[in-house]
Amino acid sequence: MTEAKKTPLLDELEKGPWPSFVTEMKRAAAANLSAQDLLGQLELSYEDKKAHWKHGGLVGVMGYGGGVIGRYSDVPEQFPNVEHFHTVRINQPSGWYYNTKALRQVCDVWEKYGSGLTNLHGSTGDLVLLGTKTEHIQTIFNEVSNFEEHPMDLGGSGSNLRTPSCCAGPARCEFAMIDTLDLCHDLTNEFQDYLHRPMWPYKSKIKISGCPNDCVASIARSDFSIQGTWRDDIKIDQEAVKAYVADGLDIEGLVVSKCPTKCMSFDGNELTIDNANCTRCMHCINKMCKALRPGDDRGATILVGGKAPILQGAMMGWVIVPFMKLESGSGYEELKEFLEACWEWWDENGKTRERIGELILRLGMRNFLRGIGREPIPQMVVAPRANPFFFWWPEEVIQD
Amino acid sequence: MTEAKKTPLLDELEKGPWPSFVTEMKRAAAANLSAQDLLGQLELSYEDKKAHWKHGGLVGVMGYGGGVIGRYSDVPEQFPNVEHFHTVRINQPSGWYYNTKALRQVCDVWEKYGSGLTNLHGSTGDLVLLGTKTEHIQTIFNEVSNFEEHPMDLGGSGSNLRTPSCCAGPARCEFAMIDTLDLCHDLTNEFQDYLHRPMWPYKSKIKISGCPNDCVASIARSDFSIQGTWRDDIKIDQEAVKAYVADGLDIEGLVVSKCPTKCMSFDGNELTIDNANCTRCMHCINKMCKALRPGDDRGATILVGGKAPILQGAMMGWVIVPFMKLESGSGYEELKEFLEACWEWWDENGKTRERIGELILRLGMRNFLRGIGREPIPQMVVAPRANPFFFWWPEEVIQD
Amino acid sequence: MAQARTDIGPPLYKEMLPPVILENYGKWRYHEIVKPGVLVHVSESGAKLYTVRAGSPRLISIFFIRDICDLADKYCDGYLRFTSRHNVEFLLSDESKVDPLIEDLKAMGVPVGGTGNSITNIVHTQGWVHCHTPATDASGIVKAVMDELFEYFTSMKLPAKMRIALACCLNMCGAVHCSDIAILGIHRTVPKIDHENLHKLCEIPTLTASCPTAAIRPNPKLKSVDIKAERCMYCGNCYTMCPSVQIIDAKNDAVSIWVGGKISNSRIGPRFSRLAIPFIPNNPPRWPEVVESVKKLVELWAANAQPGERMSEWIERISWEKFFELSGLEFTDKHIDDFTLAQTTFRSTTQFKW
Amino acid sequence: MAQARTDIGPPLYKEMLPPVILENYGKWRYHEIVKPGVLVHVSESGAKLYTVRAGSPRLISIFFIRDICDLADKYCDGYLRFTSRHNVEFLLSDESKVDPLIEDLKAMGVPVGGTGNSITNIVHTQGWVHCHTPATDASGIVKAVMDELFEYFTSMKLPAKMRIALACCLNMCGAVHCSDIAILGIHRTVPKIDHENLHKLCEIPTLTASCPTAAIRPNPKLKSVDIKAERCMYCGNCYTMCPSVQIIDAKNDAVSIWVGGKISNSRIGPRFSRLAIPFIPNNPPRWPEVVESVKKLVELWAANAQPGERMSEWIERISWEKFFELSGLEFTDKHIDDFTLAQTTFRSTTQFKW
Ligand code: SRM
Ligand code: SRM
Ligand code: SRM
Ligand code: SRM
Ligand code: SF4
Ligand code: SF4
Ligand code: SF4
Ligand code: SF4
Ligand code: SF4
Ligand code: SF4
Ligand code: SF4
Ligand code: SF4
């Protein structure tokens, strides 16, 4: 090993109580030349106040069009071991649950062929292996996909389906109204081809939350946001309500008065909910999970179009399917047909690098709904249009 | 007089309790050939379900570029007396207050040279004389402008300042916080040239309301909406509050609970207002005008950009000047300078048929504010921007 | 005859004010609604001004004006005014004259009302009477609707004020876009182009620029333009710019209804009206379907709103989805915005009612 | 070595779940926060699952992973998970092991917390470590901010949850746009064009189409493009499409701060974060101005919000104008939107606070 370069700026980031990524880099650097050069190059970035990576670069594994992000140093003379420094995205298990065996075997592969540095996890949800050379990529994939137990596959990158992700779900959360883990696993397997072989106008993301608390931020971070919900009445255990009162919970101030539709009331004794006006925001249930539970007629609301700001400003998903039954282990045919219909319409009409939300805006919701064969309903909007610029289909007017 | 044509369709509109415009048309028709033909042509429109006027047509009086709307029948063979049927817009007195002398002399002129039909008033506010021939237009203007008492002038049309209008104001309303009548009169006189000689990219409108009840709908219907307001505390007469309670007013339900900022409270005895959080919506004052009055530090909020839907969808005015003192009879210099600055910027930058609101959207509020020399303040927006697409002025960044 | 005197401006309002106003100008202390159509304003001095508000068809003859002048002379020392919604207001300083005036008005067939929680006059536009772009008539619909809603003009039994407006085309001279209920004439077909004459009458760059959706493109071969049909939403602005682009289509022109707009800053701020009914056929002379629809909306609101709630406040409380359910109105793809701010109307939350 | 097996998909989650979960899957009845960083979920069967949440820098070495695996083996039968915000969660069925685990974590320098009304881990991106477009670093700022806010991670004394996120450029891989506080790297100057090489590396139509404000126009003479400087707002999307359009400018690249976003549907629905501070210079290694600004915002909110109010709820209650007053932040023309939905942020009412 060569002597590690001095990193006075980064050393400052080893101070303080929060665990330090610099310490982690140094741990990796102690054993790995590319990690060492990464540290050096990052120190240079801290001096120069800019990144030292070249623009993009395509690398990959056989049979796939994505899963690896190519990265090349713009100062390879100084840091030859990060001349190539590609990232490998490994598809995480649903809900980011692991046993140590599974994790350790990834570490072992990465010790052999990579920098020893990772992101657990990437923003999309992948287990991200940070930095390897072009020549190792295929080997890494060969090895992880051949693990005897828990073999692993690559996640998405490029103009394809990105690695779906989901919240802790019914494995760990009483609020889960759909089996997020099963659904995420099922969809990921169903759409392996879309995930690995870019063929769309741009990326497309799916995120699944078990309830409207949306713990995977699906509404903001995915083209398809699937959130558990219910249609019948909230179940109230009045005894448990009393227990909360006895425990000193300010039900009026912290629960009832914060109900967005003011459909709750508490007379000091009994809690009443006007369920017809409840919009299932989860607040009362969150605050009093021992006393309140969602109803039994459960399914999901599906919102389409969420994405980051470029080109048209950030978008959050829009309600397209107010309710869909999604029974665990059912095969989810209706959902799959819905997704296929959306992708097909998007693939046919979308321009390069146009996300589905942007396309819906460009062609109009009415064309999207026709394209996927759904009827307009008021739940899709917070309010009807205010401008008078609406269209008629040719068959709706009298032709000469 | 020729025999009037039959109007079976329009006759249906003489039935019913609301006063009938058809009856009015017939009254005019009985004495006037063009009114008779108008009735006939309108009956034809009722049969055909469409208007029978040709596209536009420019007519006017000497020295002016506006004030008359040209109108020509597309069926002059059938209705020769409406072959020309132009409208003359007479500038109403502030607040539409009249004495009968003033009105009668207009009627007399209109009996001689026009159809005898009018709109009191047009949507913009003018006294609209509906239907005359090209050759009478100048005569009409000559006569009305030479009335011995209350001589009258034309209102606006075309790409110029449109006739300003204002609410009943301090003449008839306890809520007026600015002298709407004086202000409207003063501005109209100040800007006579702009009103009569089109020289701008498009029309520009001013409407003035004495308080935020906005009884002339200025926010929706004018480029410059001037609304009276105040800066100090609402004055409360607690005795009068008690009188309301005694009269059975549900103060909690109808007043306090409807305060948009929840800055009011009533303990059954005393009414309290947290004035720092009052947004001067007028509601409590409206409901309890014997007990509550606006403060004494009065002036106006000015909103810019209101207009009808074409091209970009309807717009309501936006707060540009949160508060400006407008003392009655003061000459209103600050306001006039503000208006001139806005018009100048618009005139320099606007495209043909681009209202000032549209121009502000096209070039951005920051350019508008620079152009008219005003600082940005939070009151201009309901919320700051959510997209990260903002600009830096060249002087704000480090140049190479 | 004398030459015109230019730029003399409007007659001075001060000359138009009765003595009681001149004496109490800016000194009004409070007002009361004595009964429907009658206001009293009380001055700090104790002086009282009575206002009697009377309905007007707005499209009136000089004979009507003379009639009301006669009444103003008889009861009001010759002073009267008009309101921003085209009603007539008689200004009295003598309380005892209020009822006789009302009697005379009744005899003339002129109703008194429009104050407080009523439906006042309908702001409207020219329609077939005097415009070249209307998709419907103005005065006719207004008359038919006001006949039907008459009792709400002469009483004050509604939950709050109700402001109805009508515009006969998308230019919206009635500025109806912030009304509790708006009646709006709409065209529904792509304009027909007179290729032969277009270049003689119109400037092509101005014309193409006039289209909000960029549907118009030059056709240099014909020295004319083409309209991309699927982009055109029939606003008629091209026709405003150029007579050779004919927007009027009697077979398809129609009426639409919008609800939940508001102007005043009282309680909730100003709001745009939003699409309720995209299409009602033009059915002169009395547009029964329009009248029926408006009436139903008024009465649905009246039956369900809480005291003091304008249409907008009621709908926002119950939600638009409940509004469509309660009203039984069909929700169509036209209700979903697809213009420039569309996304701000889409629902980015799982919060909604079934 | 074996050839890759393609399309096998992710490992099956069921194999990753401890027995207590497999037995109580979908049967959890309620949860409690035992103390900061420790949750207990109680099943209908009465079974209990303890979760210990530990902070992670996210950019971690395999040695860190092995360390936490050791702990999971020791205390959790070898099971653990990661959260959507990159924390580590240890899943225990034996309550008595909770505190010893926490002790071991402490010894490793790994904090426990991030539950309930705390500031949990900062979602973030690559920055200078592994991306080509960043306007700032990611991990460095996150570390500096979390050091300063540490006490809020390990306690639950805030009025509500506080979610902070960072993205190093406008691509916003951290999807920061709905965060209570967002830290966003921004470029501030027009990209520099390498006219010589552009035509070799980039397709001009794709490049011109990539600009959200249509600032890029072809320059056929140079076989390149020109950027209309006054239209460019430095988003960097052209650089993403074409390496010859260099957006990085170390002298001007900077950090901006956004506030009041929210994801959950709880109470008020999801919200976008909005601009609070348009410019803070890049000041590595510890970005003291950024840290200070974030801390001030957290503490201002903590001192003023009512119990249960997220940042967005607090600001919306008091109004943005009061937020600017209380925070002392300068309100500039940058705060006023000028993109496509600008008008929806302008104030169309006289209602505001002085
Ligand atoms: C690694 C990761 C950030 C991280 O540190 O976690 C990441 C890194 C990059 N993103 Fe991302 N994005 C990552 C999650 C996201 C997310 C968040 C999410 O998925 O929840 C978003 C916002 C949500 C969305 O998709 O809209 C996101 C929005 C973008 C965009 C803007 C897309 C858009 O439509 O506006 C780009 C630009 C592009 O695609 O050219 C982009 C591009 C990139 C590129 C590929 C930059 C480039 O053009 O080469 C970055 C590669 C960095 C590198 O060298 O590794 N990245 N990117 C995340 C993926 C890890 C994983 O697979 O788990
Ligand atoms: C007469 C009147 C309607 C009425 O019955 O009251 C009217 C009538 C016309 N308006 Fe208007 N507008 C009238 C008030 C308005 C208003 C309301 C207001 O001023 O409060 C508006 C909406 C507010 C606004 O200005 O945005 C209005 C928005 C328009 C527009 C759309 C302007 C825009 O920027 O979108 C046009 C189109 C145009 O100017 O080409 C228009 C055009 C027209 C034309 C000139 C149509 C044309 O292109 O020839 C109409 C002439 C009809 C005729 O033959 O007399 N009129 N017009 C109103 C004027 C009377 C008066 O002077 O008092
Ligand atoms: C006469 C008139 C002003 C004028 O200069 O002509 C007027 C006069 C009064 N208005 Fe108005 N308003 C007049 C048009 C308006 C308009 C404009 C419009 O409708 O186009 C509005 C905005 C409507 C809207 O919000 O959509 C308007 C919104 C108000 C409000 C706020 C209502 C609310 O939303 O709560 C008040 C306060 C109240 O009534 O409590 C008000 C109050 C008043 C008071 C009580 C003010 C006063 O003390 O004199 C006057 C009698 C009201 C009544 O009718 O009960 N006035 N008022 C207008 C009568 C029109 C008519 O013929 O019916
Ligand atoms: C572990 C995790 C899900 C996962 O699959 O990884 C999770 C777990 C829980 N969330 Fe969450 N949330 C998690 C990310 C989120 C996110 C996403 C994010 O922050 O990016 C959100 C949306 C945040 C937002 O609105 O901006 C989120 C919004 C909530 C809410 C609604 C909070 C509110 O606005 O009122 C609740 C309900 C509550 O806490 O009362 C909730 C509740 C819960 C509960 C109580 C559910 C349960 O019974 O298990 C869990 C413990 C909460 C706690 O920390 O006190 N969770 N939760 C995520 C932990 C992240 C972390 O490491 O800190
Ligand atoms: S989204 Fe709902 S179900 Fe999923 S972890 Fe969060 S609270 Fe639980
Ligand atoms: S879930 Fe939300 S809307 Fe429904 S009752 Fe509870 S707090 Fe109210
Ligand atoms: S706007 Fe205000 S001041 Fe003017 S008439 Fe209406 S209530 Fe009175
Ligand atoms: S004026 Fe409006 S905001 Fe102010 S106290 Fe009265 S009701 Fe509240
Ligand atoms: S709304 Fe249209 S049709 Fe009616 S008067 Fe105005 S411009 Fe003419
Ligand atoms: S009617 Fe309107 S949308 Fe259609 S072509 Fe003409 S201007 Fe364009
Ligand atoms: S936010 Fe921008 S700079 Fe940061 S990782 Fe994503 S693409 Fe790269
Ligand atoms: S940085 Fe963005 S705005 Fe500027 S030219 Fe490039 S794409 Fe256009």
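Chains as they are written, first to last, in this note's numbering: chain A, 1 to 400; chain B, 1001 to 1400; chain C, 2001 to 2354; chain D, 3001 to 3354. C-beta atoms are modelled at their ideal positions from N, C-alpha and C, and glycine is treated no differently.
If you measure from the beta carbon of residue i to each beta carbon in chain C, is any gap under 9 Å?
{"i": "residue 1132 of chain B", "result": "no"}
{"i": "residue 396 of chain A", "result": "yes"}
Output the distance between the C-alpha atoms of residue i and residue j, rounded to the nearest integer angstrom.
{"i": "residue 3304 of chain D", "j": "residue 3114 of chain D", "result": "21 Å"}
{"i": "residue 226 of chain A", "j": "residue 203 of chain A", "result": "17 Å"}
{"i": "residue 1146 of chain B", "j": "residue 2004 of chain C", "result": "7 Å"}
{"i": "residue 1293 of chain B", "j": "residue 362 of chain A", "result": "50 Å"}
{"i": "residue 2048 of chain C", "j": "residue 2101 of chain C", "result": "17 Å"}
{"i": "residue 2154 of chain C", "j": "residue 2119 of chain C", "result": "8 Å"}
{"i": "residue 3039 of chain D", "j": "residue 3152 of chain D", "result": "17 Å"}
{"i": "residue 2339 of chain C", "j": "residue 2231 of chain C", "result": "11 Å"}
{"i": "residue 228 of chain A", "j": "residue 321 of chain A", "result": "12 Å"}
{"i": "residue 3034 of chain D", "j": "residue 288 of chain A", "result": "15 Å"}
{"i": "residue 1316 of chain B", "j": "residue 2259 of chain C", "result": "17 Å"}
{"i": "residue 1124 of chain B", "j": "residue 1165 of chain B", "result": "7 Å"}
{"i": "residue 2341 of chain C", "j": "residue 3055 of chain D", "result": "41 Å"}
Got a sec, what are the start and stop residues for the beta strand (DSSP E) residue i sits in?
{"i": "residue 2050 of chain C", "result": "2048–2054"}
{"i": "residue 2034 of chain C", "result": "2028–2035"}
{"i": "residue 177 of chain A", "result": "Note, residue 177 of chain A: premise wrong, no beta strand (DSSP E); not H, not E."}
Grab the span of the alpha helix (DSSP H) containing residue i for me, first residue to last.
{"i": "residue 1009 of chain B", "result": "1008–1011"}
{"i": "residue 3061 of chain D", "result": "Residue 3061 of chain D -> not in any alpha helix (DSSP H); beta strand (DSSP E) instead, spanning 3059–3061."}
{"i": "residue 3152 of chain D", "result": "3150–3153"}
{"i": "residue 2311 of chain C", "result": "2311–2318"}
{"i": "residue 218 of chain A", "result": "218–221"}
{"i": "residue 2340 of chain C", "result": "Element bounds for residue 2340 of chain C: n/a, residue is neither H nor E."}
Mind checking who residue i pairs with in its DSSP beta bridge?
{"i": "residue 1135 of chain B", "result": "According to DSSP, which records beta bridges pairwise, residue 1135 of chain B is partnered with nothing at all."}
{"i": "residue 1411 of chain B", "result": "No answer is possible for residue 1411 of chain B: it lies beyond the span of chain B, which begins at 1001 and ends at 1400."}
{"i": "residue 312 of chain A", "result": "Its beta-bridge partners do not exist; DSSP assigns none."}
Under a CB-based cut-off of 9 Å, is residue i close to chain A?
{"i": "residue 2338 of chain C", "result": "yes"}
{"i": "residue 2348 of chain C", "result": "yes"}
Step through the CB atoms of chain D and report whether any lies within less than 9 Å of the CB of residue i.
{"i": "residue 2269 of chain C", "result": "yes"}
Would residue i count as contacting chain B if we go by Cβ distances under 9 Å?
{"i": "residue 389 of chain A", "result": "yes"}
Three Cβ pairs or more, each shorter than 8 Å: is that satisfied between the stretch 1040–1056 of chain B and the stretch 1005–1021 of chain B? Touching, yes, given that three or more Cβ pairs across the two stretches are closer than 8 Å.
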